[in-house]
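Taking it in order: structure first as structure tokens, then the write-up.
4 protein chains.
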Amino acid sequence: MKDIQSQRDSRRINIQKVGVKTLSYPITVRDKAQKRQHTVATVNMYVNLPHRFKGTHMSRFVEILNEFHGEVDIKSFNKVLGKMKQRLDAEASHLEIDFPYFLFKARNGEGGHLARYRCQMHGSLEDSDDLKLSVEVPISLPLTEKTPHRLPGSLGRWGKAIVSLRFSQFYWIEDIILLIEEAVEAELCSLAEKERRVMSVEALTRRVGALLDKIEAVKWFSICIHNFGDECSTFAAMESC
Amino acid sequence: MKDIQSQRDSRRINIQKVGVKTLSYPITVRDKAQKRQHTVATVNMYVNLPHRFKGTHMSRFVEILNEFHGEVDIKSFNKVLGKMKQRLDAEASHLEIDFPYFLFKARNGEGGHLARYRCQMHGSLEDSDDLKLSVEVPISLPLTEKTPHRLPGSLGRWGKAIVSLRFSQFYWIEDIILLIEEAVEAELCSLAEKERRVMSVEALTRRVGALLDKIEAVKWFSICIHNFGDECSTFAAMESC
Amino acid sequence: MKDIQSQRDSRRINIQKVGVKTLSYPITVRDKAQKRQHTVATVNMYVNLPHRFKGTHMSRFVEILNEFHGEVDIKSFNKVLGKMKQRLDAEASHLEIDFPYFLFKARNGEGGHLARYRCQMHGSLEDSDDLKLSVEVPISLPLTEKTPHRLPGSLGRWGKAIVSLRFSQFYWIEDIILLIEEAVEAELCSLAEKERRVMSVEALTRRVGALLDKIEAVKWFSICIHNFGDECSTFAAMESC
Amino acid sequence: MKDIQSQRDSRRINIQKVGVKTLSYPITVRDKAQKRQHTVATVNMYVNLPHRFKGTHMSRFVEILNEFHGEVDIKSFNKVLGKMKQRLDAEASHLEIDFPYFLFKARNGEGGHLARYRCQMHGSLEDSDDLKLSVEVPISLPLTEKTPHRLPGSLGRWGKAIVSLRFSQFYWIEDIILLIEEAVEAELCSLAEKERRVMSVEALTRRVGALLDKIEAVKWFSICIHNFGDECSTFAAMESC
Numbered sequence: 025m026k027d028i029q030s031q032r033d034s035r036r037i038n039i040q041k042v043g044v045k046t047l048s049y050p051i052t053v054r055d056k057a058q059k060r061q062h063t064v065a066t067v068n069m070y071v072n073l074p075h076r077f078k079g080t081h082m083s084r085f086v087e088i089l090n091e092f093h094g095e096v097d098i099k100s101f102n103k104v105l106g107k108m109k110q111r112l113d114a115e116a117s118h119l120e121i122d123f124p125y126f127l128f129k130a131r132n133g134e135g136g137h138l139a140r141y142r143c144q145m146h147g148s149l150e151d152s153d154d155l156k157l158s159v160e161v162p163i164s165l166p167l168t169e170k171t172p173h174r175l176p177g178s179l180g181r182w183g184k185a186i187v188s189l190r191f192s193q194f195y196w197i198e199d200i201i202l203l204i205e206e207a208v209e210a211e212l213c214s215l216a217e218k219e220r221r222v223m224s225v226e227a228l229t230r231r232v233g234a235l236l237d238k239i240e241a242v243k244w245f246s247i248c249i250h251n252f253g254d255e256c257s258t259f260a261a262m263e264s265c
Numbered sequence: 025m026k027d028i029q030s031q032r033d034s035r036r037i038n039i040q041k042v043g044v045k046t047l048s049y050p051i052t053v054r055d056k057a058q059k060r061q062h063t064v065a066t067v068n069m070y071v072n073l074p075h076r077f078k079g080t081h082m083s084r085f086v087e088i089l090n091e092f093h094g095e096v097d098i099k100s101f102n103k104v105l106g107k108m109k110q111r112l113d114a115e116a117s118h119l120e121i122d123f124p125y126f127l128f129k130a131r132n133g134e135g136g137h138l139a140r141y142r143c144q145m146h147g148s149l150e151d152s153d154d155l156k157l158s159v160e161v162p163i164s165l166p167l168t169e170k171t172p173h174r175l176p177g178s179l180g181r182w183g184k185a186i187v188s189l190r191f192s193q194f195y196w197i198e199d200i201i202l203l204i205e206e207a208v209e210a211e212l213c214s215l216a217e218k219e220r221r222v223m224s225v226e227a228l229t230r231r232v233g234a235l236l237d238k239i240e241a242v243k244w245f246s247i248c249i250h251n252f253g254d255e256c257s258t259f260a261a262m263e264s265c
Numbered sequence: 025m026k027d028i029q030s031q032r033d034s035r036r037i038n039i040q041k042v043g044v045k046t047l048s049y050p051i052t053v054r055d056k057a058q059k060r061q062h063t064v065a066t067v068n069m070y071v072n073l074p075h076r077f078k079g080t081h082m083s084r085f086v087e088i089l090n091e092f093h094g095e096v097d098i099k100s101f102n103k104v105l106g107k108m109k110q111r112l113d114a115e116a117s118h119l120e121i122d123f124p125y126f127l128f129k130a131r132n133g134e135g136g137h138l139a140r141y142r143c144q145m146h147g148s149l150e151d152s153d154d155l156k157l158s159v160e161v162p163i164s165l166p167l168t169e170k171t172p173h174r175l176p177g178s179l180g181r182w183g184k185a186i187v188s189l190r191f192s193q194f195y196w197i198e199d200i201i202l203l204i205e206e207a208v209e210a211e212l213c214s215l216a217e218k219e220r221r222v223m224s225v226e227a228l229t230r231r232v233g234a235l236l237d238k239i240e241a242v243k244w245f246s247i248c249i250h251n252f253g254d255e256c257s258t259f260a261a262m263e264s265c
Numbered sequence: 025m026k027d028i029q030s031q032r033d034s035r036r037i038n039i040q041k042v043g044v045k046t047l048s049y050p051i052t053v054r055d056k057a058q059k060r061q062h063t064v065a066t067v068n069m070y071v072n073l074p075h076r077f078k079g080t081h082m083s084r085f086v087e088i089l090n091e092f093h094g095e096v097d098i099k100s101f102n103k104v105l106g107k108m109k110q111r112l113d114a115e116a117s118h119l120e121i122d123f124p125y126f127l128f129k130a131r132n133g134e135g136g137h138l139a140r141y142r143c144q145m146h147g148s149l150e151d152s153d154d155l156k157l158s159v160e161v162p163i164s165l166p167l168t169e170k171t172p173h174r175l176p177g178s179l180g181r182w183g184k185a186i187v188s189l190r191f192s193q194f195y196w197i198e199d200i201i202l203l204i205e206e207a208v209e210a211e212l213c214s215l216a217e218k219e220r221r222v223m224s225v226e227a228l229t230r231r232v233g234a235l236l237d238k239i240e241a242v243k244w245f246s247i248c249i250h251n252f253g254d255e256c257s258t259f260a261a262m263e264s265c
């Protein structure tokens, strides 16, 4: 009897994951216009351990990261995951990075500004590998008038779109951003036709979903659209099946 | 052919969740020593919608919350979830609150201080209801000496324990906190015996797990122990099966 | 020569302030409608020390705070400052608290919601006492249309107003909030007359300034108006002379 | 009478500052080991305006920033400040940037890790220019033992040092960081001699102050040392005269 109890207990209290969290690290990511861009990521690295686990070399996570000198693309992601799984003798390995991605937005030929988009890449490797990319796109309502001699101010922050994607082939971060910005503009135009000023989170979620659904390279997606209010945000969310 | 395609598309792009996020709200929670304590919560409320969804009254979420005047306990949680499901005609309803919980820690009879613990309650109601409580307990290493006339400073923040629990019967938040603080102390004592100064996240995770495993009222638990370093945190995590 | 150098050095490297920061504490504040409201503050307490300083009892800060059981008003503020100055044998004492203040906003008789305003009170006591109150008021643009059966979403967060004030007599937090919200509405109405949709941070700063300037109870004020854009905020600031 | 009143009012309600805040921008900063390093800054830019102010071109701030392609050093700082003052026809201009600075810390020949330090540069130009650099250095207590086959965990985060400096000649960020880390180590050694384990914020503030006071290139400095506790931080602060 005692043996069974102890088996149950030890099974219930096995460590399942160990790793490092919120490591700050300078990285370079692929950029359609400039080939590569420099940014700074927050990194999580962890592994699933076999049942008979005897202690992890936490410093190995950082060692593996250092070997890649911050170069982030699909290839290096898979290599880091593979090295983690092998050197830590793990059942599965996980790598999560969170970074700002910058995109220059020209303004009618005269100047422009750098727009900032929060991105996340979550990769894991067990028997097969999995990679998910998330992009957060700020949403503003456009100004319909401009006073001639000065920046007229903005209407504020309407909200944000968070889109997560799994791909069957390479796709540029820029192209995801532009696709979402296009969906917002299309929704606003259709509202203007109906003489309404207010976008709904549900309608915008459906519109972004319809666009993503048509892209061959997209295997899976989820969408969450937030509308900022003074007291709270309202949101709508969906996932492809 | 066209019909099947359009069915597939519309199925793929159905809205699945709508609601409100990051609403700030003053609440009262049950408190073993004082019966009830006042605190301030951040609230998320959302519902899963049936496939033929025609638009949600976002203001209803706030209306339902107002009807309970911020009184939070298991009973009111289930009532809010029930009203959300019914009034929004939803398949499932979700309520998440995040709040600081305060506990007075006496210091050898003479004075003391209010300790702050971050708590989260996540409830949902579909066919049956589910409630999960999470408590975050800061971990410090104790001082072994004190200079007589002044507070000697602390050794800093070693890390934190985040414990999530599902219960089969009522359990006080205080008792969860004390149980985790007891596990930390026991681990430190066992280290002192071995003349080692450094706790490992793995050993502490196992010790907290072993304690939670013995509590009848606990149906399910997960544990994540973080150790803060200068550059990143290391962590170990486990879940009861 | 050596003596003069050592005097200069020791004068240059005297400790000037000691205290505690970011202490979380439940408080009650005065409320026009309900007499008192419960909220949670973040507290900083520190003192300026005389030149011949020999070490501070850090725990005394918390002891003094505990004696007031979280009751915050002008009277208790001055008492805490006085006790800090006396018990820590200090040249000056400082108390800073930061808390959310809640105000119920009724909506045309039917229901309403709790609005949240970030407030700060900064008090100090040297030869005389000084107390400054800051209130942060979120600014949204109003909807000009509503679809009948659902909350139509918001236009987003236009920005925020941060107003700091010194008073010659008691003034309710509610009344400051309402005054700022009134200024925003007046500015929007004047824009509507000119058929413009966009408020400027400068015009709104001047309008709030003109209103505060007329209030007898206000001895001094500063204003900072922020307009949120996608990439950054623009702001205008002024201070009464 | 009426005229005097209106003069007083309009003087009291003049705009004093306008600008942009929390703009995210990729930059390069000077680096002793690698010549330049890439990082990401948060940027504030604003100007003081003359009394007869007629509206600012907010977009000009971003235009000026773009002209420097994110190259940050003392020279470019002064050029940006000069352009802001001139193009916005301002009495004074201000530029504030906040960025993580990375430094590789080798570990006894075998590997190492990238340490992250938060830095701020605040420059202003009125009749003359002023530049202040702040560096935040995390403080940990060292481990005195190591188990052979694994990273033994850390003792946690003791606190942090924030040092602000004005220089009379160029000084490397690395050298400031190393100087503070040296002061912490010296303080710990002197504690070990006295067989005490706990550093005080006051003693460490004085020790860092004594070191900075000896550096010729330092015209002015301020120091704030924080010790993290579970409930709050304690701190001591000083400023050179």
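The listed protein sequences correspond, in order, to chains A, B, C and D.
Okay, so the first sequence: first residue is 25 according to the numbering used here, each after it adds one.
Okay, so the second sequence: first residue is 25 according to the numbering used here, each after it adds one.
Okay, so the third sequence: first residue is 25 according to the numbering used here, each after it adds one.
Okay, so the fourth sequence: first residue is 25 according to the numbering used here, each after it adds one.
Ideal Cβ placement from N, Cα and C applies to all residues, glycine included.
What residue from the options has the CA that sits closest to residue i's CA?
i, options, result
"His146 (chain B)", "B:Arg181, B:Leu235, B:Pro162 and B:Val104", "B:Val104"
"Gln193 (chain B)", "B:Phe252, B:Glu240 and B:Leu212", "B:Glu240"
"Ala65 (chain D)", "A:Pro124, A:Ile39 and A:Pro162", "A:Pro124"
"Arg231 (chain D)", "D:Glu211, D:Val242, D:Val222 and D:Arg220", "D:Glu211"
"Glu160 (chain D)", "D:Pro166, D:Gln144 and D:Glu150", "D:Gln144"
Do you know how far the Cα of residue j is from the Cα of residue i?
i, j, result
"Thr229 (chain A)", "Leu202 (chain D)", "51 Å"
"Val44 (chain C)", "Val71 (chain C)", "10 Å"
"Ser224 (chain B)", "Arg190 (chain C)", "52 Å"
"Lys301 (chain A)", "His250 (chain A)", "As shown, chain A starts at 25 and ends at 265. That puts residue 301 (chain A) outside it, with no answer to give."
"Arg1 (chain B)", "Val187 (chain B)", "Here chain B covers residues 25 to 265 and nothing more, so residue 1 (chain B) does not appear."
"Leu155 (chain A)", "Phe126 (chain D)", "28 Å"
"Ser257 (chain C)", "Cys265 (chain A)", "39 Å"
Classify residue i as buried or exposed, calling it buried when 16 or more other Cβ atoms lie within 10 Å of its own Cβ.
i, result
"Gln61 (chain C)", "buried"
"Val96 (chain D)", "buried"
"Arg181 (chain C)", "buried"
"Phe101 (chain A)", "buried"
"Ser152 (chain D)", "exposed"
"Gly183 (chain A)", "buried"
"Val131 (chain A)", "Sequence check: residue 131 (chain A) is Arg here, not Val. So Arg131 (chain A) ends up on the exposed side."
"Lys107 (chain B)", "buried"
"His81 (chain B)", "exposed"
"Gly135 (chain A)", "exposed"
"Gln110 (chain A)", "exposed"
"Phe128 (chain C)", "exposed"
"Ser214 (chain D)", "exposed"
Does the beta carbon of residue i sit closer than 8 Å to a beta carbon anywhere in chain C?
i, result
"Val53 (chain B)", "no"
"Phe126 (chain B)", "yes"
"Val222 (chain A)", "yes"
"Pro74 (chain A)", "no"
Are the C-beta atoms of residue i and some chain A residue less than 8 Å apart?
i, result
"Gln110 (chain B)", "no"
"Asn68 (chain D)", "no"
Compare the C-beta of residue i against all C-beta atoms of chain D and say whether one is closer than 8 Å.
i, result
"Gly253 (chain B)", "yes"
"Glu211 (chain A)", "no"
Using a beta-carbon distance below 8 Å, is residue i in contact with chain B?
i, result
"Glu169 (chain D)", "In this prediction, Glu169 (chain D) scores a pLDDT of 45, lower than 50, which makes its location untrustworthy; no coordinate-derived value is stated."
"Gln40 (chain A)", "yes"
* Asked: Is it a yes or a no for the stretch 42-60 of chain D touching the stretch 194-213 of chain D, going by three-plus beta-carbon pairs under 8 Å?
  -> yes
* To do: Would you be able to state if there are at least three C-beta pairs under 8 Å between the stretch 253-261 of chain B and the stretch 40-55 of chain C?
  => no
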